[in-house]
Each structure stands twice: as structure tokens, then as C-alpha cells.
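Structure first, then comments.
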Amino acid sequence: MDCIKNEIIKYIELNLTQKRLRHTYSVASEAVKLAERYGCDTKKAELAAFCHDMFRSKPAGDLDMYVKELGLPQKLLENVNLSHGKVAAEMMKRRYHIDDKDMINAVAFHTTGRKGMSVLEKIIFLADAIEPGRNYPGVEEMRKTAYTDLDKACIMSLERTVQYVRDRGEYLDPDTEDALNDLKEKQNL
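Quick note on numbering: UniProt numbering labels position 54 of the sequence shown as 54, and the sequence is numbered without any gaps.
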């Protein structure tokens with residue numbers, strides 16, 4: 001796994017903007033802390049975090065080309081926020097021969113969440129939302145909650161995402177609503 005990690009680090013250091021690279025390292029650090037807290041494999045969490053935004057700095061046209069070439073759903077076209085994780089997950093399999101379904105799902109759904117998220121998926125989803133470089137209303141409370149109740153913190157983040165996307169009149173991926181409803185049901189909310 002260390003060899004693959006080194007290859008991925010080389011790739012992100014060459015292909016991400018400095019701002020995105022700082023974010024990625026912060027997400028990896030946060031993911032390891034959360035993994036330790038919740039008894040998850042820290043190496044998997046770190047590697048998934050390094051992969052989560054590996055295609056985020058690509059121009060929209062390049063991501064659309066990947067979506068088409070990789071046979072990904074058309075709904076991802078012209079939507080960098082939704083496509084970059086799906087492209088990264090597919091490239092983890094094809095370019096880096098990572099076949100761990102949990103890691104692949106953690107990267108693929110790190111923006112939207114999904115129904116039935118694993119602990120690793122929740123960790124990557126939250127690490128992305130709460131890393132120290134993030135600054136938005138409610139993030140401090142979410143950071144604290146992430147270390148006491150993983151599901152509750154995911155609900156907080158998903159509710160924020162739903163509100164943000166709706167306020168902007170943008171496309172809300174059904175996976176986000178499914179994730180939110182699934183977690184609320186499990187928490188009896």
C-alpha cells in the first residue's frame with residue numbers, strides 16, 4: 001500500500017493547485033484522526049483521503065471527457081462537484097489497481113454521501129467537511145460532534161449541503177437526500 005500511496009502523492013503534487021493540495025493533506029490528517037477515534041483502518045482512511053480530490057483541479061471539459069471515456073452517468077457532465085469523486089474512484093481501480101470497495105466508495109461518494117455509508121465513507125465525507133481550512137457557519141460545532149457522534153455530524157453536514165444546494169438552485173444529487181434520510185432514520189429523527 002505504501003508504494004501506491006507514494007504514486008498517488010506524486011500525482012496529486014503534480015496535478016493539484018497549492019490550495020487544493022493543502023486541503024488534501026488536511027483531509028488526510030483529519031481522516032486518520034477520525035479513523036483512530038472510530039476504530040477504522042488508518043492506512044485506508046489516509047489513502048482514500050489522498051485520492052478524494054485527485055481530479056478536482058482538472059478543468060470541467062477534461063472531467064467531462066473522463067466521464068464519457070469511463071462510461072460514468074451522464075448526470076455528472078458539466079458538474080465538477082459531482083464528477084471529480086466518481087472519476088477519482090474509477091481511476092483508483094484502473095490506474096492504481098485499488099480494489100477495496102470501501103475505499104472506492106469513500107472516494108466516489110465523498111461529496112454526496114449515500115444510503116448505507118460505511119464508517120470509512122462517513123470518515124472521508126466528514127474529514128472533507130471539517131478539515132482545519134474549512135470556515136463556514138456551524139463548522140466548529142460539526143468538528144466537535146464528529147468526535148462524539150459520527151452519524152450526527154454526517155447529518156449536520158448533509159443538512160447543510162441540502163440547504164446550500166437548494167438555496168443556489170443547483171442540482172441536488174439524490175444520493176445526498178438518500179444519505180440524509182437513511183441516517184435520520186437510524187437516529188430515529
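Glycine included, each C-beta is placed from N, C-alpha and C at the ideal position. Note that this is a predicted model, so its numbers are computed, not measured.
| said: Since E36 and A127 should fall inside the 8 Å C-beta cutoff, what is the C-beta to C-beta distance between them, to a whole number of angstroms? | reply: On the sequence shown, position 36 is the one that residue 36 refers to. On the sequence shown, position 127 is the one that residue 127 refers to. E36 to A127, Cβ: 12 Å. No contact.
| message | Can you confirm whether the region 44-59 touches the region 4-11 when touching is taken to mean that 3 or more C-beta pairs between the two stretches lie within less than 8 Å? | response | yes
| Leaving out five residues before and five after D182 in sequence, what residues of the same chain have Cβ atoms less than 7 Å from its Cβ? | Indexing the sequence shown from 1 puts residue 182 at position 182. Closer than 7 Å at Cβ, skipping near neighbours: K115, G116.
| message | Once the 5 residues before and after N81 are set aside, which same chain residues still bring their CB inside 7 Å of it? | response | Against the sequence shown, residue 81 aligns to sequence position 81. The residues are T111.
| task | Work out the CA separation of I123 and G39 for me, nearest whole Å. | result | Taking the first residue of the sequence shown as position 1, residue 39 is located at position 39. Taking the first residue of the sequence shown as position 1, residue 123 is located at position 123. In a straight line, the C-alpha of G39 is about 11 Å away from that of I123.
| Taking just the CA atoms, how far does E78 sit from R20? | Taking the first residue of the sequence shown as 1, we reach residue 20 at position 20. Taking the first residue of the sequence shown as 1, we reach residue 78 at position 78. One C-alpha to the other measures close to 20 Å.
| query | Considering Q187, what are the terminal residues of the alpha helix (DSSP H) in which it resides? | reply | Within the sequence shown, residue 187 is the residue found at index 187, counting from 1. It is not in any alpha helix (DSSP H) - Q187 carries neither H nor E in the DSSP assignment.
| What's the gap between the Cα of Y96 and the Cα of M1? | Counting from 1 along the sequence shown, the entry for residue 96 is found at position 96. Counting from 1 along the sequence shown, the entry for residue 1 is found at position 1. If you take the alpha carbons of Y96 and M1, they lie about 10 Å apart.
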